[in-house]
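Visitor: After the structure tokens below, expect a handful of questions from me.
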Amino acid sequence: MWLPDRRTFLISLAALGGCGFTPVYGPQGGGSALLDNVALPEPDSPEQYLLHRRLEERLGRAPGGAYLLQVAVETESQGLGALADGNITRVRLQGTAVYTLRDRASDAARLRGTTESFTAYSTTGSTAATQSAERDAEERLMVILADQILDELLLHAAELAQ
């Protein structure tokens, strides 16, 4: 490590400690209040299944958790490119997730939000390749949306722990 890099690192570390930064999963961070403490309802669509799978990977499965996370997912496909014969060569998949985190004891909404993202896939291969690319794009989109929801939950985790 070069000497200027070390100085920059040490200055950054001191600034980070001085600003009141606490790791979200640390002893005083609120993230630990969410781990294994957020229940999800049964998914009712393939998209919700993929989203819930990612949420459970990161938060843990907690059917009797103190919080209930309800998520409504909508997706929309849009053709992006077309050949001279009118066949679409690329599809954009847009997704929106509206979520509400509720306290199970009081049924009060503790946090609400909306997140959006998109991904795309190619349709120039065979039918099987196109279907596989579409499924892969749907899964990528749900992972992106789930991670964005988790980022928001963790950002407000300290408030939830109180």
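Take 1 as the starting number for the sequence shown in full-length UniProt numbering and just add one per residue. Built from N, CA and C at the ideal position, the CB exists for glycine as well. The structure displayed is predicted, hence computed values, not measured ones.
Considering only C-alpha positions, which residue in the set Ser132, Phe9, Val91, Arg53 is nearest to Ala120?
Guide: Against the sequence shown, residue 120 aligns to sequence position 120. Of the candidates Ser132, Phe9, Val91, Arg53, the one whose C-alpha sits nearest the C-alpha of Ala120 is Val91.
Visitor: Grab the span of the alpha helix (DSSP H) containing Glu152 for me, first residue to last.
Guide: As a working mapping, residue 152 is identified with position 152 in the sequence shown. Segment 127 to 155, the alpha helix (DSSP H) holding Glu152.
Visitor: Can you find the residues in the same chain that come closer than 7 Å, C-beta to C-beta, to Leu83, ignoring five residues on each side of it along the sequence?
Guide: Within the sequence shown, the letter at position 83 stands for residue 83. So the qualifying residues of the chain are Thr89.
Visitor: Please report the residue range of the beta strand (DSSP E) in which Leu40 lies.
Guide: Position 40 of the sequence shown, counting from 1, holds the residue named residue 40. Neither: Leu40 is in no beta strand (DSSP E) and is coded neither H nor E.
Visitor: Taking Thr119 as part of the beta strand (DSSP E), name the residues at either end of that continuous run.
Guide: Counted from its first residue, the sequence shown places residue 119 at position 119. Thr119 -> beta strand (DSSP E) spans 109 to 122.
Visitor: Below 7 Å CB to CB, which residues in the same chain sit around Glu134 once its five sequence neighbours on both sides are set aside?
Guide: Within the sequence shown, residue 134 is the residue found at index 134, counting from 1. Closer than 7 Å at Cβ, skipping near neighbours: Tyr121.
Visitor: Determine the direct distance from the alpha carbon of Tyr99 to that of Val71, and round the result to whole angstroms.
Guide: Here residue 71 corresponds to residue number 71 of the sequence shown, with the count starting at 1. Here residue 99 corresponds to residue number 99 of the sequence shown, with the count starting at 1. Each residue's alpha carbon lies about 4 Å from the other.
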